[in-house]
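Residues in the sequence shown are numbered consecutively from 561, following my numbering. In this text, a Cβ means the ideal position worked out from N, Cα and C, and glycines have one as well. Have a look at the structure below before the remarks.
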Amino acid sequence: MTDVFISYSRRDKEFALILQNALKAQNRETWVDWKDIPLTADWWAEIEAGIEATNTFVFVISPDSIASKVCNQEIEHAVKNNKRLVPIVRREVFDMEQVNPALAKHNWLFFREQDDFDIVFAQLIKAIDTNLEYVRGHTRLLIRALEWENKGRNDSFLLRGTDLDAAEQWLVSSAAQQPQPTQQQKNYISKSREAEAANQRLMKAGQQARQMVRIGFGVLGLTLVSAAIAGIWANKTIQEAQEGTKLEREGVAAIQQFEVQSIEALLTAMSAGQGLQPLVKDGRPLEQYPAVSPILALQTILDGIQERTQLTGHQGQVRNASFSPDSKLIVTASDDKTARVWDTTGKLLAQLKGHQGVVYNASFSPDSKLIVTASDDKTARVWDTTGKLLAQLKGHQGVVYNASFSPDSKLIVTASSDKTVRVWDTTGKLLAQLKGHQGVVYNASFSPDSKLIVTASDDKTARVWPVESLDRQLARGCAWLHDYLITHPQDLENLSVCQNQPILMAAAPFLIRQGEEQAREGDAQEAVVATFRKALKWNPSLKFDPEAKAKPLVEAANQVNKGEDLAKVGNIDGAVTAFQTALQQDPSFEFELKAKAFSVLVDKGSKLIEERKFKEAVAAYTKAQQFAPNGEIDAYSWRKLCRQGSLRGYAKDVLSACEKAVVLAPNDGDARDSRGLARALTGNTKGAIEDFQGFIAQTDDKEIKSQRESWVKVLSAGKNPFTQQEINRLIKEG
561 MTDVFISYSR RDKEFALILQ NALKAQNRET WVDWKDIPLT ADWWAEIEAG IEATNTFVFV
621 ISPDSIASKV CNQEIEHAVK NNKRLVPIVR REVFDMEQVN PALAKHNWLF FREQDDFDIV
681 FAQLIKAIDT NLEYVRGHTR LLIRALEWEN KGRNDSFLLR GTDLDAAEQW LVSSAAQQPQ
741 PTQQQKNYIS KSREAEAANQ RLMKAGQQAR QMVRIGFGVL GLTLVSAAIA GIWANKTIQE
801 AQEGTKLERE GVAAIQQFEV QSIEALLTAM SAGQGLQPLV KDGRPLEQYP AVSPILALQT
861 ILDGIQERTQ LTGHQGQVRN ASFSPDSKLI VTASDDKTAR VWDTTGKLLA QLKGHQGVVY
921 NASFSPDSKL IVTASDDKTA RVWDTTGKLL AQLKGHQGVV YNASFSPDSK LIVTASSDKT
981 VRVWDTTGKL LAQLKGHQGV VYNASFSPDS KLIVTASDDK TARVWPVESL DRQLARGCAW
1041 LHDYLITHPQ DLENLSVCQN QPILMAAAPF LIRQGEEQAR EGDAQEAVVA TFRKALKWNP
1101 SLKFDPEAKA KPLVEAANQV NKGEDLAKVG NIDGAVTAFQ TALQQDPSFE FELKAKAFSV
1161 LVDKGSKLIE ERKFKEAVAA YTKAQQFAPN GEIDAYSWRK LCRQGSLRGY AKDVLSACEK
1221 AVVLAPNDGD ARDSRGLARA LTGNTKGAIE DFQGFIAQTD DKEIKSQRES WVKVLSAGKN
1281 PFTQQEINRL IKEG
């Protein structure tokens, strides 16, 4: 037993040595692995034994130890055995999400380069020595309990007498102590007490029979035994007393015979036990049995000749063993990276090789035909009972602690340290990921009806999840998509699994809209008719002729295409005429057709401005607004037409454009400035002065402001400031 186990990364070896020397100076015995060798089963067993036999597990935190697989395995073994953990930080800058959750539950001591070693070391010694006697008891009992487990729970390794009394007192005191006892320790103490109580009862009841054995073979001894038994049971019937005496004699004889003839002795003891059985069915205590030597004989002989079946061959700790449901086979999982299949006599039938790490769990399918194994190589694997690998279940990002079959043998569920549970089929296909746990998931299993999965995690929760068949999942998907599929019949058509008469009838009107849209997009009339016919098939109550409905729609679409082609070559009037014809054939096309006409007319107006055909530009813009009164001819376009037309002698023609620009942007100083120019050139002096004053109030440009102020001054004097020279200057400015 040691005081401290130091877990560290090789890059922190120098610090670990300093720490060990400091602990030695304080008379603290340490266990440190200085071996820089590859991981083997023997080496790992030595590490585990070191952790089990230490009072305090000190973990040196650094980026390397946090990422180290071996270091994390050491932590997990310490946690498994409820060791006192003391995390100490040597080097920082690591991802907290990668830190083992067990470390986060404890206060950290900081041994960084910048920290005072002596001060923090004193805190470490205090932590190590806290409640030391209790912790030593924890370690001592853990070692004894593990030894008992490793020896096949042989009763000779159980606690007795004062050792047992002390252990029970320790267990009672543990309620308010840390670390808490492990389940192994509790079982060990409980089994020790059971065995001790049974031994005490048997010793008390068997004193008389053991005395008979010591007397020897003589007739005198047998006579004395008979007399003693007859005396004890004088208050019983003569028949029971006589039978008890006979059975006592047979039990003693069996014990004596066992030294030379084991089988014959067992037969004699069995006969005596069988004879005793009907005499004690009244539930009397052991000390009132008419004979006890048959019981002692059976116990002695069976303990002596029983050949316990041992499954030997693994090169590392055996983590798990389980029977096949038909009770014919056993599978074991081991740290030696293998699982093995045995018969019940202990004969090795198959080795399951392939895992690259510890195999934590192995279990049979309910039909006893398959085996699934779980490993810290982040995989689970499926095998047949001959050891043939059938599938690898890859996808987990951490240790796979548990894998088990569904009751119908069709599915497998795995639990992992990556905080997820996954559901697979037996071919290795991933069917579902169950996310939600905030810590390592140690176990997952199916309900007897295969409809639910329950999971257990170190986040202090267990969770129940539904397991759905493909049919059920598709049904839920259809229900979720119901409203969407009605309005998107093209998707409903592709999902036959969601089709039923009510949803088809509800989707039929939207299928008609789809046909109308096909026509507008230029699809052939045959395609449009086919869509309309499908709508009638979905909902026969609809009343229309598919061909009669499709014809004007297709012709309207052709007119639209014609109009667009004419617009591209500059025949705006022809394009607008084509759009108007299309609108007559398909009134439902109104918004789109008006938008197209509006667009080509606005484009025409913009080109006319560039060509300095301002009067025609105003006409194009005005006509565009007839198609879309709320169309987006913006203030800038109207202002540009206003200014350019005014400067080039068309002020009167573009004045309406000037007004529209100001209406659309009443706070735009440039719009007021352009309208002021048009007003001045058309004789509206007062209006021009108001617009220029509005512009002056908004501009921060001193030069331009001064210029407009001079215009206002000239206009106020009844004169026109816009000489040809001034207009040419403004044109040049743009």
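Is the segment 1197-1208 touching the segment 1217-1236, taking contact as three or more C-beta pairs under 8 Å? yes
In the DSSP assignment, find the beta strand (DSSP E) that holds Ser964 and state where it starts and stops. Val960 to Phe965
Grab me the residues of Leu724's own chain with a C-beta within less than 7 Å of its C-beta, minus the 5 sequence neighbours each way, in chain order. Ser752, Arg753 and Glu756
If I'm right that Leu701 touches Gln745 with Cβ under 8 Å, what's the distance once you round it to whole angstroms? 5 Å
May I have a chain-ordered list of the beta strand (DSSP E) segments no shorter than 3 residues that lie completely inside the segment 601-646? 614-621
From the DSSP output, which residues share a beta bridge with Trp943? Ile931 and Leu949
Rounded Cβ spacing between Ser1234 and Arg1208 (contact assumed at less than 8 Å): Contact between Ser1234 and Arg1208 does not hold, since their C-beta atoms are separated by about 13 Å, which reaches or exceeds 8 Å.
Buried or exposed: which applies to Gln1284, given that a residue is buried once 16 or more other Cβ atoms fall within 10 Å of its Cβ? exposed
I think Trp730 touches Leu718, with their Cβ atoms under 8 Å apart; what is that distance to the nearest whole Å? So it is not a contact: roughly 16 Å between Cβ atoms.
Reference Ala627; option with closest CA among Tyr920, Arg571, Lys1212 and Asp1230: Ranking Tyr920, Arg571, Lys1212 and Asp1230 by Cα distance to Ala627 puts Arg571 first.
For Thr590, the first and last residue of its enclosing beta strand (DSSP E): Thr590 to Val592
Counting Cβ pairs closer than 8 Å, one from the segment 941-953 and one from the segment 911-919, do we hit at least three? A contact between stretches requires three or more CB pairs, one per stretch, nearer than 8 Å, and the segment 941-953 meets this requirement with the segment 911-919.
Excluding five sequence neighbours on each side, which residues of the same chain lie with their C-beta closer than 7 Å to the C-beta of Gly996? Arg1023
Would you be able to state if there are at least three C-beta pairs under 8 Å between the segment 1000-1014 and the segment 965-985? Yes, they touch.
Alpha-carbon spacing of Ala727 relative to Val630, whole angstroms: 33 Å
Residue nearest to Trp594 in terms of C-alpha spacing, selected from Ala585, Ile578 and Gln586: Ile578
Trp1025 in three-state terms, based on DSSP: Note: Trp1025 maps to strand in three-state DSSP.
Kindly confirm or deny that the segment 1087-1100 and the segment 1065-1078 touch, where touching means at least three C-beta pairs closer than 8 Å. yes
Between Ala1108 and the rest of its own chain, which residues show a CB-CB distance below 8 Å, the 5 nearest in sequence each way excluded? none
Rounded to a whole number of angstroms, what is the C-alpha to C-alpha distance between Arg770 and Ile749? Its pLDDT being 47, under 50, Arg770 is placed unreliably in this model, and the value from its coordinates should be taken loosely. Straight-line Cα distance between these residues: approximately 29 Å.
Please classify Thr1137: does DSSP put it in a helix, a strand, or coil? helix
Considering only their Cβ atoms, is the gap separating Ser1010 from Ser969 smaller than 7 Å? Cβ atoms of Ser969 and Ser1010: not closer than 7 Å.
Bridge partners of Val1014, per DSSP? Ser1005 and Val1024
CB-CB under 7 Å to Gly1294, same chain, minus the five flanking residues each way: which ones, in chain order? Closer than 7 Å at the Cβ level, and outside the excluded window around Gly1294, lies no residue.
Taking Asp985 as the reference, give the member of Lys954, Tyr961, Gln998 and Glu634 with the closest Cα. Lys954
Can you give me the C-alpha to C-alpha distance between Gln658 and Gln633, rounded to a whole angstrom? 14 Å
Gln580 lies in the alpha helix (DSSP H); which residues open and close that run? Lys573 to Ala585
Using the Cα positions of Gly1278 and Trp1271, report the straight-line distance between them to the nearest angstrom. So the two alpha carbons sit approximately 11 Å from each other.
Name, in chain order, the residues that DSSP records as bridge partners for Thr980. Lys995
How many Å lie between Ala605 and Gln877 at the Cα? 7 Å
So is Leu1241 buried or exposed if we call it buried at 16+ other beta carbons inside 10 Å? The residue is buried, with at least 16 neighbouring Cβ atoms inside 10 Å.
Within 10 Å of its beta-carbon, does Pro850 have 16 or more other beta-carbons around it, so buried, or fewer, so exposed? buried
Lys796 (DSSP reduced to helix, strand or coil): Here Lys796 scores only 49 on pLDDT, less than 50, and its place in the model should not be relied on; the value that follows carries that caveat. In the structure shown, Lys796 falls within a coil segment according to DSSP collapsed to helix, strand and coil.
Just tell me which of Glu1077, Asp1031 and Ala1079 has its CA closest to the CA of Ser1056. Asp1031
CA nearest to the CA of Ser853, picked from Ser716, Asp624, Ala832 and Glu673: Ala832
Report, in whole angstroms, the separation of the C-beta atoms of Ile621 and Arg644, which I expect to be a contact under 8 Å. So it is not a contact: roughly 16 Å between Cβ atoms.
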